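Residue numbers -25 to -1, 1 to 1052, in mature numbering (1 follows the signal peptide of the UniProt record, and there is no 0), belong to the letters of the sequence shown in order. Cβ atoms here follow ideal geometry from the backbone N, Cα and C, with glycine treated the same way. In this text, all values refer to a predicted model and were calculated from it rather than measured experimentally. Worksheet: one structure, shown below.
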Amino acid sequence: MARWAHACLLLMMGIFSGSWTAVDALTFPQHYTIMHWARRIEQEIDRVLQHISGAQQLKGIYSEKRRQFSLVRNNPREIVEKVATDIERLLAKKRKALEKLASEAERLQKDHRWQDGIKDGEDIDSQMSLKLEFVYDPNFKNHVNYSHTAVQIPTDIYKGAPVILNELNWTQALERVFIENSRDDPSLLWQAFGSATGVTRYYPAAPWRAPDKIDLYDVRRRPWYIQGASSPKDMVILVDVSGSVSGLTLKLIKASVMEMLDTLSDDDYVNVARFNEKAEAVVPCFKHLVQANVRNKKIFKEAVQQMQAKGTTDYKSGFHFAFNQLLNKTNVPRANCNKIIMLFTDGGEDRAQDIFEQYNWPNKTVRVFTFSVGQHNYDVTPLQWIACANKGYYFEIRSICAIRINTQEYLDVLGRPMVLAGRSAKQVQWTNVYQDALGLGLVVTGTMPVFNLTVDGNSQNQLILGVMGVDVHLDELKRLTPQYKLGANGYIFAIDPNGYVLMHPNLQPRVLEEEDLPEPVTLDFLDAEVEDSSKQEIRRQMIDGRSGEMTIKTLIKSMDERYIDEVTRMYSWTAINDTDYSLGLVLPPYSEYYIQADLSDVMLQLQYLQSLLPNSFESAGHVFLAPREYCKRLQMAENNTQFLADFLSLMVEISPESEDCDQGLIHNLILDSGILWNLATRVWQNKDLNTYGFLALFASTNGGVTRVYPNIAAESWDEDPEPLNSNFYRRTLDNKGYIFRTPTRTSMDDLLISENGTLGILVTTAVEVVIAGKTMKPAVVGVKLDLEAWVDKFKILASNVSDSRQAAHKCGPSRSCEMDCEVNSDDLLCYLIDDGGFLVMSNQRDHWKKVGLFFGEVDPYLMFALYNNSIYARHQTFQYQSACEPMASSHTGAAHRGFYVPSIADFLSLAWWTSAAAWSVLQQFLYGLIYSSWFTSEDVWAESSDTKGSSSCVTVHSQFYFTNTTNSFNVLQDCGNCSRLFHAKRIENTNLLFVVAETLPCSSCEIEKLLPVRTKSQEENPCEVLNSARYRKGPDKCFDYNSEENTSECGSAHSLHCPMGVLLWIQLLSLYLILQS
């Protein structure tokens, strides 16, 4: 059947081609003609590049220098186990510092005498306002003071409260311990104590980087504090949406629920349900608890915004839903530790006792916390009873001032079993990766809880004092890995029990807006790489703490995520003892062995070093040096020219054999500099680049040397001087033949910088050296094509003008002739497209405007046909924390939609300020001030700043790649009333596709416009890719129960109100803003 369809297709092509001939006397090129053009193109590329690049000669040079280096084998098992042991030792030193800090904190607090009469104006206040001198420390990427600690207190906490002043008093003595730890281990970075009161004391002192004028940073909401303060949680949030919950009360509930979600970390699981007469999940496709990661919490918040109040209250429906979610046995992942129900309501009379008897008594395995929200006169006794009868706590949220505090104090209750467990609960836990609030970058934090050891009467105090934390920068872990011995595409990675990577080449910090608080960098191992079944199994074994090895064929993304390649990789992994982390190693076959230079001959060292001197650049090309830590005294410079000069100056002062230098790195650098100098002087100097249409020749090595010829070409060289971080270098090693790469371009408006009036296209090939039967790829050589010169050559090669076969063919009334890419550019489209779908060359006049663009933007119909006919395949990934340009605001005024705007007469009336309307305006104003980003368009202030900056969004990233590497394709694109012929042929030994097509675009075809990146539509189902939860592992120990816990303290009828001074300030500010508008 398939053959019959193919035959019909060829017949249709023949009929179509024949009909065109009769009309125009010009025919679409026949199959053998296009195949002939393709062969000429590939032969010309191979001939010229073989002759001028020096790839073959460089292989010979490596053979000549065989006595100057040895081959060393990378043993994956030995490497991964050594690195795991080194990391274990490093973290053990941090653990020792944590244990000392926690022990001293508990002793200091126990010995502290509470002072009721402590005053704000005493020396406690002076220490907060102490003027310190700061010096810049590159290790902290900040200005610091090593003699003092610093204190941060959130804006919404009253600094003069006795509990805060006493806290500042006893924690001041921690300064001595911080300093001692730093002296014992100079590599220590930030040390911090996060208190349950909200105070943070950290060392060394540094100016606090408030993310906004209102400092809402609260340590109790940071991932490291949450993880250290309690065991993981399974939580169901019940939201009363009955008719009585409306107006400001509903707004307060929505804001409270979203604040509650922010107290959860990736170790927790959650679901949110609304209820009146019946209960249902606010996100319909979340049929069970889901991981409380950034993505899922965002989906919950969006759903909570849409809740509306109607119907009557039935607590039983909500509790039925919650207990079924928490207690049902299921294979779905969950925390399997603290089980919690959070009830947000305005009040009610039903105690739902029969529900608790059915599900929760007598063991009370589920804690129930109740929140009475809003200004009302309902009897709160039932809510208090529900909390007290189920080991929970009762809270009141009467105004926005109470939201942040009362939605996080439940952690104190969860911490009780941990405190009562004593030493067995004093565990060091290591967090996910996150971005440090003081600008240090990507860190992990070791945490340890600090307990209150005072005795309350005859019973032990069961309150947690806070969490102690010590940061470890990821660079500190990376320095323990043999990154240069593994080559450009070998690497070490590590994951945590959630499957998130804490080390991986594709782990990058999210760019933060100035006002953002750092979020956890939750990149799953299966998202950092291209997911397949083998990697799923590797991830599972690593999470389980097992060791193993596996060699697989897999897809990998390029560094810039534009390309996908099929490669072979060897994976090896093992657990890091005394942590929840697991370490992995990835190695390509050509990195099993690496070159280790042995340059003990001092004269030879000097000879090779001379090739790095600038006076050799004019004759042999410019040299770029990879910015590596060759010697301790060699500092990173602002530019590579300065770095090279500093390196040469240091080599004059000290010998390469100095103990201050890394012998392996520096010997390989010197050897490679000599090898590339030989290449330039023997091969490159004798070539006339203009004759061949080249702008530059270049070569890069694993040793960290890049040489660009001629010297003037270095002025426009913008590749990374570290080959191991270079797109062209890494990708070339994984591919055979010549790899073409155009400059990156996102739109036709993105004008590329020209070189001497033209564009340069990189063409590279790996140098494969076989020594003693062992294959390595120690270098990459390449050329930079002059685009204009090669487009002219491309059109001639794909034409009939210089072809003797066509000499007798003359067009006329009785004889037709085939079109070609040079003469018939108005009627025939000829393209060279790379394996990622990006345009490299074209026979069109305006081609230079489109080179480097994704072909779907050049000719969307033809790109879709290439994809639809399986010439290209597509791989898609979702990015859930992308930054997108915000939608243009449709607001027409400066006031809240549906929001009462008082008149000037109202403001001047004293009676108005005492009315409910005034309170409503003030409440909404404060909502807009603090929680503006939490409300939908109906609930936010229409400020002009809405359109500034970027907003978080979901984007879909696509990479395209060849599915067939040998066949050519004749295709008739049939769109009903329109048909279009095109032919596609792979150019052998390159990553190029030669496409010849009719100019007639079939715009009547219904196609999907293919793009590398697109923003996910708001209307699309947010759960479509969330159905299958990935494997994760919970904690080995869970502290959610202790028989000695005293549950009598379970909340009473009290509420937190905004101070009168705050209300007055808000009133005056409201008046000022409205008068200004």
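By the Cβ criterion, the stretch 201 to 214 is not in contact with the stretch 140 to 157, since fewer than three pairs of Cβ atoms, one from each stretch, lie closer than 8 Å. As computed with DSSP, G444 is found in a beta bridge with A167 and T422. For E793, the beta-bridge partners assigned by DSSP are T2. In the three-state DSSP reduction, P161 falls in the coil class, being neither helix nor strand. Excluding the 5 residues flanking it on each side, H850 has same chain C-beta neighbours closer than 6 Å at I539 and Q934, in chain order. Boundaries of the alpha helix (DSSP H) around K510: S508 to I518. In the structure shown, V138 adopts helical secondary structure according to DSSP, grouped into three states.
With three or more CB-CB distances shorter than 8 Å, the stretch 464 to 475 counts as touching the stretch 496 to 512. Residue pairing from DSSP places T852 in a beta bridge opposite H932. D325 and Q437 have their alpha carbons spaced roughly 31 Å apart. In the DSSP secondary-structure assignment, Q404 is bridged to T422. Under the DSSP assignment, E324 falls outside any alpha helix (DSSP H); it carries neither an H nor an E label. Residue N464 holds the alpha-carbon nearest to the alpha-carbon of K532 among N464, E524 and I439. In the three-state DSSP reduction, R961 falls in the strand class (E or B). Under DSSP, W548 takes part in a beta bridge, and its partners are G523 and G559. Here G757 carries a strand assignment [DSSP, helix/strand/coil]. When C-beta atoms of the stretch 601 to 612 are compared with those of the stretch 580 to 591, fewer than three pairs fall below 8 Å, so the two segments do not count as touching. For F1014, the three-state secondary structure derived from DSSP is coil.
Here A13 is buried. Its C-beta has 16 or more other C-beta atoms within 10 Å. Distance check between D809 and each of D795, H822, F830 and E593 places F830 closest, using alpha-carbon atoms only. Boundaries of the alpha helix (DSSP H) harbouring N702: N702 to L708, taken from the DSSP string.
In the structure shown, F839 adopts helical secondary structure according to DSSP, grouped into three states. In its chain, beyond the 5 residues on either side, L225, R249, F250, N251, M282, Q283, A284, K285 and G286 have a beta carbon closer than 8 Å to the beta carbon of V216. For D809, the enclosing beta strand (DSSP E) stretches over residues L803 to D809.
In the DSSP assignment, the residues bridged to E541 are L530. Counting only runs that start and end inside the stretch 604 to 635, the alpha helix (DSSP H) elements of at least 4 residues fall at 615 to 628. With fewer than 16 other beta carbons inside 10 angstroms of its own, N306 counts as exposed. In this chain, the alpha helix (DSSP H) harbouring V388 covers Y385 to L389. The criterion of a C-beta distance shorter than 7 Å is not satisfied by Y409 and V505. Under the three-state reduction of DSSP output, Q410 falls in the strand class. Residues G668 of the same chain have their beta carbon placed closer than 6 Å to that of W765, with the five preceding and five following residues left out of the count. DSSP places E593 in the uninterrupted alpha helix (DSSP H) bounded by F592 to A595. Collapsing the DSSP output to three states places M282 in coil. Under the DSSP definition of a beta bridge, Y466 partners with V561. A direct Cα-to-Cα measurement between E690 and V627 gives close to 27 Å. With contacts defined as CB atoms closer than 7 Å, P480 and Y459 fail to qualify as a contacting pair.
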